[in-house]
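Here the structure is laid out as structure tokens; the discussion comes afterwards.
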Amino acid sequence: DGGITQSPKYLFRKEGQNVTLSCEQNLNHDAMYWYRQDPGQGLRLIYYSQIVNDFQKGDIAEGYSVSREKKESFPLTVTSAQKNPTAFYLCASSIVLGGNSPLHFGNGTRLTVT
Amino acid sequence: AQTVTQSQPEMSVQEAETVTLSCTYDTSESDYYLFWYKQPPSRQMILVIRQEAYKQQNATENRFSVNFQKAAKSFSLKISDSQLGDAAMYFCAYPPGGGTSYGKLTFGQGTILTVHP
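Heads up: the sequence lines are chains C and B, in that order. Following our numbering, the numbering of the first sequence begins with 1 at its first residue and continues without gaps. Following our numbering, the numbering of the second sequence begins with 1001 at its first residue and continues without gaps.
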């Protein structure tokens, strides 16, 4: 079955360390996204990518970085510059980068930084 | 700023009854899409229904339907014959910039729906 795989499900890191969250999709979708979810708030867009080797900042990109070397993969690095990294992170993809193209989501990664 | 507001942090419904979740949004676009997503305890986001703003007819997907009022910028979700599996957090979302914009969604704060047997 096609889908989006995020790993790991839970991730623990010490403050000051960079950490990379994995996101892989086998849906053959061009566009991929990273969202952050905090309690009591909706999802907020961190980065998105329309095609390979291209990505754009979302609403809350500070302290994060991404790469898109392969169509299937869109890893997110949470750097030590991110002031409040503890959150639930969701990766998503869509057929194209268009407003009517529904998002397909992974199961998410819960990151805890202490 | 373009925003999405869900004014009901929590709602509850008896099994087999009907419940309506509200959503209002703010956009200057004339052509856009609106979405309702469901997030069950597994935390995976699942698309429930979507509405195209230029269509007069309200979208329907089985027990789920919307009441879309474009002038009022309101997009409510009605769940009929509620089932225990409907218990989840529900998010309203739309892409700022309209239907030809990039696929970036702005989400509401979410409504937690509890279904009582």
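Positions of the beta carbon are idealized from the N, C-alpha and C atoms, including for glycine. Predicted model, so just to flag it, every value in this text is computed and none were measured.
Please report the residue range of the beta strand (DSSP E) in which M1011/B lies. 1010-1014
Could you check the C-alpha separation between F1091/B and K14/C for me, to the nearest Å? 32 Å
Whether Q1044/B touches A1088/B by CB criterion (8 Å): no
May I ask which residues mark the beginning and end of the beta strand (DSSP E) holding K1078/B? 1074-1079
Step through the CB atoms of chain B and report whether any lies within less than 8 Å of the CB of F74/C. no
Beta-carbon neighbours of S1042/B, restricted to chain C and to distances below 8 Å: N107
Give a yes or no on whether the minimum CB-CB distance between R1050/B and chain C is below 8 Å. yes
Candidates G108/C, V113/C, T114/C, T112/C, of which the one nearest G1041/B by Cα: It should be pointed out that residue 1041/B corresponds to Pro in this sequence rather than to Gly. Nearest of G108/C, V113/C, T114/C, T112/C to P1041/B, Cα basis: G108/C.
L111/C - DSSP class collapsed to helix/strand/coil: strand
Please report the distance separating the alpha-carbon of Y1032/B from that of P1095/B. 7 Å
Touching by the beta-carbon criterion (3+ pairs, under 8 Å), the segment 1004-1018 of chain B and the segment 44-60 of chain C: no
What did DSSP end up calling L1105/B once you bin it into helix, strand or coil? coil
Find the residues of chain C that neighbour K1104/B, judging by a C-beta separation of less than 7 Å, and give them in chain order. L45, Y48, G58
Run of the beta strand (DSSP E) containing V1048/B, from where it starts to where it stops: 1046-1052
Would a check of beta-carbon distances place M1045/B closer than 8 Å to chain C? yes
Using 8 Å for Cβ pairs, my map puts P102/C next to F1035/B. What's the rounded Cβ distance? 7 Å
Is there at least one Cβ from chain B nearer than 8 Å to Q41/C's Cβ? yes
Whole-Å CB distance - V1013/B paired with S1082/B, under 8 Å assumed: 5 Å
Residues from the segment 77-97 of chain C in contact with chain B, defined by Cβ distance under 8 Å: F88, L90, A92, S94, V96, L97
Since I believe A81/C is in contact with G63/C (beta carbons under 8 Å), could you give me their beta-carbon distance rounded to a whole number of angstroms? 4 Å
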